[in-house]
Every structure is written in C-alpha cells, then in structure tokens.
Amino acid sequence: MKSSTLNTLMVAKSIYGETKYLVNSGDKHACTAGLILLQDFVELVVLAALDELDVDEQRALESKSFDELLGELKKQKVPIIKSGTIKALNKQRVISKHYGQLAEPASVVNYFNVAVDFVDALLKSVIGLKLNEVFLADILKDGAVKELVKESISLAAQEEYLDALVGLRKAFFISYECDYCIYAYRHRDENENGLSGILGLGLLGGGKAHYWTKNKQWIDRNVNKPVDYVQINHDQLKTDCMEMGVSTVDVENFRRLTPEVVRTESNQWHFEYSSLFAANELNIENFNYCLDFLVDFLIKKQEMDSRRRYPKRDRTIPNVINLSCSPAQGKPPEAASRHGRRAMTRPLPLNQAV
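Listed below in structure tokens is the structure:
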C-alpha cells in the first residue's frame, strides 16, 4: 500500500471515530453533525482508493464532484455497492450543511451502516483488506496481540463469534488488563515487607491493582473463581485513558461486551460469560463494535508507548566508578581507589548547568 493511501485512511479513521458517537446519540442535532462528518469520511476513503489505483496521477480529482469520483472508480472496474444510498447520503449532507436542515436519527443510522459496508467492500476490492484490517496489518507491531486479533477476525468470518470475542479479550488482557491481574501474589503474606519480592512479583503483572489486594489473605477471602484475579483500579484506569486519549466509557463497554478472561500461567486461559450474554451478544454487530474499539485502543497505546524515552546504555566510560559533584558541600567527593580503580570526581562551577 502506498504511504499516501495509508495517511489518507488514517485521517478518515479519525473522522470515523468521531462520527460513530454522534450518529448513535439519538439526538437530531448530534446526528446531523454526524451525517456531515460521515460523508467526509466516505469521500476520503474514495480518494484513498483512487490514489492507490494511481487515478490521481492520470486525472485531476480536485475539481470533481462526489458522483464523478464514484464514476472514476467504475472506470477502474471497482465494484460499487449500494451506490444509490451513498449518493443519497451526499445529497442529504448538502441539505444539512448548506441549508441547516436536521436529519432524522433513524435515517442517519441507516446511512452510517451502509457507509461502513460500502467502505469495507471498496477497500477489500482495491487493497484486499477492510478498514480495521488495514490498520491491523500496516500500523500495529507484530506480536501475540496482533496474531490474536487476526485470528479473531478469521473466526468471526466463520460465524464463531464466541471464540472471536474471547480472542479479542485475550488481546486486551495481554496488552493492558494483565496490569490488574493479582494471580502472582496468591502466595505472598500480607505481613511480608520485602521490597525485592514485591518488585519481582510486579514484573509478572498486577502492578496497577490496589495494593491491599496483593496478598494471600485478601485473595483467599475474595477470589472465588479465576476471573476474580483481575481487580481493576478504576482511578488508575481513568488516568490511563486520559493519557492515551481513550474514553473510559468505551473501555467499560468493551469489557462488558466480551467474555471475562484471565491468564494464570503462560498458556493457561480461563474465561467466563453468562447465558444472557450468549443469547444476545454473539453476533457480527457486537464483534465489529468490539473490534473497532480494540484496534483504536491498541494503536493509541502503541503510540503512547513509542513516545517513552530512556537513557541510552550502549556506551560506557572505562575505568570509572562515579562522576559527581557536591557544590552544596563546598568540596568534591573524595576519589576512590578501591580495587585499584580511580574515580573521576571533578566539581563543576556553580553557574554551570548539569
């Protein structure tokens, strides 16, 4: 895929993220705003497809209307599904944007569903991937999380929605929820104060759970089944969501709409769901909602993690024990000669920045 195509799709994805909340609000004003954004989203995807097909190099697309852009796709033998509804969406957008007419929420929801189907079919034809699969393939780093999401998409295509949703929740657990799993603390006594032991257990997960849950006594009293090992600290969750730019409501929605999952040993998974969940949520609509959230969450978490910076350790200064100064004490630390090594201790002027 061309980099310019991916960049255009990333912009379209951002607009789509705002659109779905407005469209599903049920409020006429919010739905009308969502409809205007929805058309922009569709048009950007059309432009991305034409860019990938190199049509923009053959013809100037800037002056073409939306209907003419669809015509360019047809010239490239690209199948256009539900083109009548998509053209009607464009006309409704003109009425709402330029004449201030409100759109009916039910109609907007229908336009939204058709637009998503149209976009997925278009991208599948041009680049062989649906919108979410594009970001999964080209943006997310390779690893266990990515493989679980890809496997879930394959399972959903076979209508195995329970296993598909479990796979999504497993990916969420590995990428984030494991920080609230206290399984590693099940043998630690509440009176144990060894700092090294706590830090060692923290590397196994559970670092963000409440401190009072991280001991054998609390676990024996409160953990009745494997999924109880996940103890969410909601204050920490809110903080993490603010840092990543993710809605806490969306995170909680995802956790409710997927089976509860926990990993106790390296490859030992446990999951739980209710009969009501099985009767109502094992469908393609719920899977698509959860997949859309998870891909967005993983991308934002990956972006946040990539911004972290740590001191480099690839080079060292030989024969050095310590390099420091103590201007507040009025004299530099004494040179150390232990083990035949010489410490470099040189005081800096008080007005020199360290």
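Just so it is clear: in the sequence shown, position 141 is 140 by numbering that gives the first Met the number 0, and no numbers are missing. Ideal placement from N, C-alpha and C gives every residue a C-beta, glycine not left out.
For residue 72, which option in 87, 138, 311 and 44 has the closest C-alpha, if you only look at C-alpha atoms? When only C-alpha atoms are compared, the closest one is 44.
Please state whether DSSP places residue 308 in a helix, a strand or coil. Coil at residue 308, not helix or strand.
Going by DSSP, name the residue or residues bridged to residue 268. Looking at the DSSP assignment, residue 268 forms a beta bridge with 262.
In the DSSP output, which residue or residues are listed as bridge partners for residue 229? Partner residues in the beta bridge of residue 229, as assigned by DSSP, are 180.
Does residue 95 pass the burial test, meaning 16 or more other C-beta atoms within 10 Å, or should it be called exposed? The residue is buried, with at least 16 neighbouring Cβ atoms inside 10 Å.
For my contact list, residue 36 and residue 18 are in at a C-beta cut-off of 8 Å; report their separation, rounded to the angstrom. The Cβ separation is near 4 Å, so the contact holds.
I need the straight-line Cα distance from residue 291 to residue 191, nearest angstrom please. Residue 291 and residue 191 have their C-alpha atoms spaced approximately 43 Å apart.
By Cβ distance, which residues of its chain are closer than 6 Å to residue 50, with the 5 residues on each side in sequence left out? Here the set comprises 3 and 4.
Can you find the residues in the same chain that come closer than 7 Å, C-beta to C-beta, to residue 355, ignoring five residues on each side of it along the sequence? Because the chain here runs from 0 to 353, residue 355 falls outside it and cannot be looked at.
Kindly indicate the opening and closing residues of the alpha helix (DSSP H) around residue 10. Unbroken alpha helix (DSSP H) run through residue 10: 2 to 22.
For the alpha helix (DSSP H) containing residue 105, name the first residue and the last one. Per DSSP, residue 105 belongs to the alpha helix (DSSP H) from 104 to 125.
Contact belief for residue 41 with residue 117 at Cβ below 8 Å, rounded distance in angstroms: With 8 Å as the limit, residue 41 and residue 117 qualify as a contact, their Cβ atoms being about 7 Å apart.
Inter-residue spacing [alpha-carbon to alpha-carbon] between residue 250 and residue 241: Cα-Cα distance, rounded: 12 Å.
Residue 100 by DSSP, collapsed to three states: which one? For residue 100, the three-state secondary structure derived from DSSP is coil.
Cβ of residue 134 within 7 Å of Cβ of residue 294? Yes, the pair counts as a contact, with Cβ atoms nearer than the cut-off.
For a test of the three-state rule: what should DSSP assign to residue 62, helix, strand or coil? Here residue 62 sits in coil by DSSP.
Under 7 Å between the Cβ atoms of residue 253 and residue 160? With contacts defined by Cβ atoms closer than 7 Å, residue 253 and residue 160 do not form a contacting pair.
Which residue marks the beginning of the alpha helix (DSSP H) containing residue 33, and which one marks its end? Its alpha helix (DSSP H) spans residues 27 to 51.
Beta-carbon proximity check, residue 270 vs residue 165, cutoff 7 Å: Yes, the Cβ-Cβ distance between residue 270 and residue 165 is below 7 Å.
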